[in-house]
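Please read the structure below before turning to the comments.
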Amino acid sequence: MLGRGRMERIRSLSPAVSMLRRSAPSFVLLALAAGCAAPPTIRETPAGVSVGLSQLPPDVHSYARPGEARVTHVALDLDADFGVKELAGTATLTVARVPGARQVVLDTRDLMIERVTDADGDPLVFEMGAADPILGRPLTVTLPEDGDRVVVHYRTRPTAAAVQWLTPAQTSSGKPFLFTQGQAILTRTWVPTQDSPGIRQTYEAEITVPATLTAVMSAEHLTPGGIPSDGDRTTFRFRMANPIPPYLIALAIGDLAFRPVGERAGVWAEPGVVERAAYEFADMETMIDAAERLYGPYRWGRYDVLVLPPSFPFGGMENPRLTFATPTVLAGDRSLVSLIAHELAHSWSGNLVTNATWSDFWLNEGFTTYFENRIMEEVYGAPYAQMLEHLGRQGLQEELAGLPEADQRLHIDLAGRDPDAGMTAVAYDKGATFLRVIERAVGRGRFDAFLRRYFDEHAFQPMTTEQFLAYLDRELIRGDAALRARIDPEAWAYGPGLPANAPPVHAEAFARVEAQAEAFTAGTAPAALATQGWTTHEWLHFFQSIPDTLSADQLRSLDQAFRLSQSGNSEILFAWLMKAVQNQYEPALPAVERFLTTQGRRKFVRPLYQALAATDWGRPHAQRIYRQARPTYHAVTAGSIDAILGAPGGG
Ligand code: BES
Ligand code: ZN
């Protein structure tokens, strides 16, 4: 069905492949060959491939043995049943293998595997290994003698951690909704494949849904509007022709409308939200242009944003061609759009050059946080970008204070742990600060040229921390010992804390905010403070600058003067509610409860429960609110709150 499109791509890529053949290590060639061209079968496998396959760094979060056999393409044919909360159908995997390899090992978690066949429907022997609570179960399939296809017939469980099935009561349209969240290792709860970021795969999908709903994916839409199917259902077809890490396979189904905001940019959302979303994200096309000027062509075709119902557990998720975003960024004044710059930047750092393992997560998020700030500077000016950088630095310093030293390094050890443990400000803001150190040391012109080349030369490949440091030495430092000492890469990658060569942050506007914070601390009534014209970021810095401990009088006067509990800006509301909870300010509890029961973004929800759970005063409130809210949260958020308050029914 999709053969023609893929063949065209092979032709268009072949000059790049032959160019790389001269310089790239063999595993790179295999990645290209396997991802973009017809994957080699046992007979077609070129010599040297076994060496290449085993050169992928080991990934402690996957059962796959890519040195023997690896998935190069996934074709999904799934039916979404909202009645039983189940995706059911097949995943047809194309597998490249080294000569003599008999088996392919896949990752699964919580999947019901019904049978496994070859492309003709003849059964293949398969075995499910023991279940690990984090990693799930390996699915080992004996490969067909002839042919490179493995068809897994399966269904998901209603509890599949990637998938949230929303009831009509949880959406603005009053219709059911489904979305998936694959990163870091949740794709295996709805797609049986090799779920490791170093194992890139192209994909295609046929998704059948109730006729009143629309399906969208992180891929090209081949059938806009869908094709009518039996039983009042519609089938949507998709294709992602670029090889991507499996955590970027993403699906959403709902009552969805689309509004273009530019030539290649638009927003998807439920009909009641889509106009607000289009207003908020009007600058998307400008951001894409700015990003391309900085680091080269956008290689994914369209860039759309899907605004999800409020239970989406993250701010944004960089699913290719279709960023998934929380509605809590719809502030009405476009003040939280750095999130879009961030997810867009992942189209280079993360989706093009991908962390090889979750220990290298900073290569995704640190680069992206740096790139995000550069886009914001291009589009909104340096003073604006400086405020964002300043807020990031302060957040980093606060978080570093509570992290064990081993987790303060950019490259961290995640053996035996959920990769979620690495999702800290270290990866984001320490990572970005390291890049700023290099930028300062060599100058922006040289650094930008270096980064652009880095993306070009490693496009569609995994990257390890070690490889990046070697590339930095080879291409930029070039044996200049004084320059190397000025950057000190090892201190950043492998040392704790914030190295002393971190450039100081300064934001003009924040000096004025600090003066007002001091006045407030010294007793000036909030209503008398000079806050006119403050943007979201100035308010956030104000909350960072006032004391942790505040009296009930101070809190009351703040709320009265600025109507904080009523704020429609999620970031300001969150900053205020944190202060209120930390000071056991009872009158804010209704607002806390409202916030915790109307959205499920983990970044907001987790710290509030944590702060409540920290005192005898707050714990019963946390437990009461969570009992009500838990069924509305995505598994990612619920799992994190279970860890604080105990799983339901448990201690
Ligand atoms: N890729 C991340 C989200 C993520 C990371 C999901 C790790 C699962 C595991 C995304 O790009 C991100 O960083 N989102 C941030 C917002 C961003 C503006 C810092 C978030 O969701 O808070
Ligand atoms: Zn990110």
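Numbering-wise, the sequence shown is residues 1 to 651 according to the numbering used here. The C-beta atom is built at its ideal place from N, Cα and C for all residues, glycine as well.
- Look at the beta carbons and you see the segment 414–425 not touching the segment 564–578: under three pairs across the two are nearer than 8 Å.
- Nearest Cα to D195 within the set I249, Q164, L410, A96: I249.
- Residue burial annotation: A493 is buried, with at least 16 other C-beta atoms found within 10 angstroms of its C-beta.
- According to the DSSP assignment, T323 belongs to the beta strand (DSSP E) that extends over 322–325.
- Q201 is bridged by DSSP to I244.
- Taking a C-beta distance under 8 Å as the contact criterion, E275 and D255 do not qualify as a contact pair.
- A check of alpha carbon separations from T637 across F314, P99, D118 identifies F314 as the nearest.
- Less than 8 Å separates the beta-carbon of N501 from that of D488.
- With contacts defined by Cβ atoms closer than 8 Å, Q386 and H506 form a contacting pair.
- If you draw a straight line from the Cα of P133 to the Cα of A161, it is about 12 Å long.
- Nearest to Y154 by C-alpha distance, out of E398, L330, A80, is A80.
- Taken from the Cβ of T187, every heavy atom of the ligand ZN lies 7 Å or farther away.
- Ranked by Cα distance from V605, the first of Y585, Q584, D642, E586 is D642.
- If you look at G266, you'll find it isn't in any alpha helix (DSSP H); it sits in the beta strand (DSSP E) that goes 265–269.
- Bounds of the beta strand (DSSP E) holding R97 are 86–97.
- A distance below 6 Å between beta-carbons, with the five flanking residues on each side excluded, links V116 to the following residues of its chain, in chain order: L124, F126, V141, V152.
- E285: member of the alpha helix (DSSP H) spanning 284–295, first to last residue.
- Counting C-beta pairs with one atom in each stretch, the segment 346–366 and the segment 414–421 have three or more that are closer than 8 Å, which means they touch.
- Collapsing the DSSP output to three states places E399 in a helix.
- Taken through DSSP and simplified to helix, strand or coil, H221 comes out as strand.
- If you draw a straight line from the Cα of R264 to the Cα of G301, it comes to about 7 Å.
- Under the DSSP assignment, A575 falls outside any beta strand (DSSP E), being part of the alpha helix (DSSP H) whose first and last residues are 570–582.
- Look at the beta carbons and you see the segment 167–179 not touching the segment 197–204: under three pairs across the two are nearer than 8 Å.
- Y609 carries a helical assignment under DSSP once its states are collapsed to helix, strand and coil.
- Bounds of the alpha helix (DSSP H) holding I644 are 635–645.
- With respect to the 8 Å criterion, G392 and A432 are classified as neighbours on the basis of their beta carbons.
- 8 Å or more divides the Cβ of A119 from the Cβ of G83.
- Separation of the CB atoms of P246 and T193 is rounded to 5 Å, and the pair is thereby assigned contact status at 8 Å.
- Here the alpha carbon of T328 sits roughly 9 Å from the alpha carbon of L336.
- Residue ranges of uninterrupted beta strand (DSSP E) with 3 or more members, entirely inside the segment 333–421 and ordered along the chain, are 353–355.
- Counting C-beta atoms within 10 angstroms of its own C-beta, G89 has 16 or more neighbours from the protein chains shown and is therefore classed as buried.
- Cα atoms of F281 and A459: separation of roughly 27 Å, rounded to the nearest angstrom.
- When the beta-carbon positions are compared, I244 and N351 come within less than 8 Å of each other.
- With a cutoff of 8 Å on beta-carbon distance, F238 and L222 are scored as near each other.
- When DSSP reads this structure, P228 sits in a beta bridge with T234.
- For T142, DSSP records a beta bridge to Q103.
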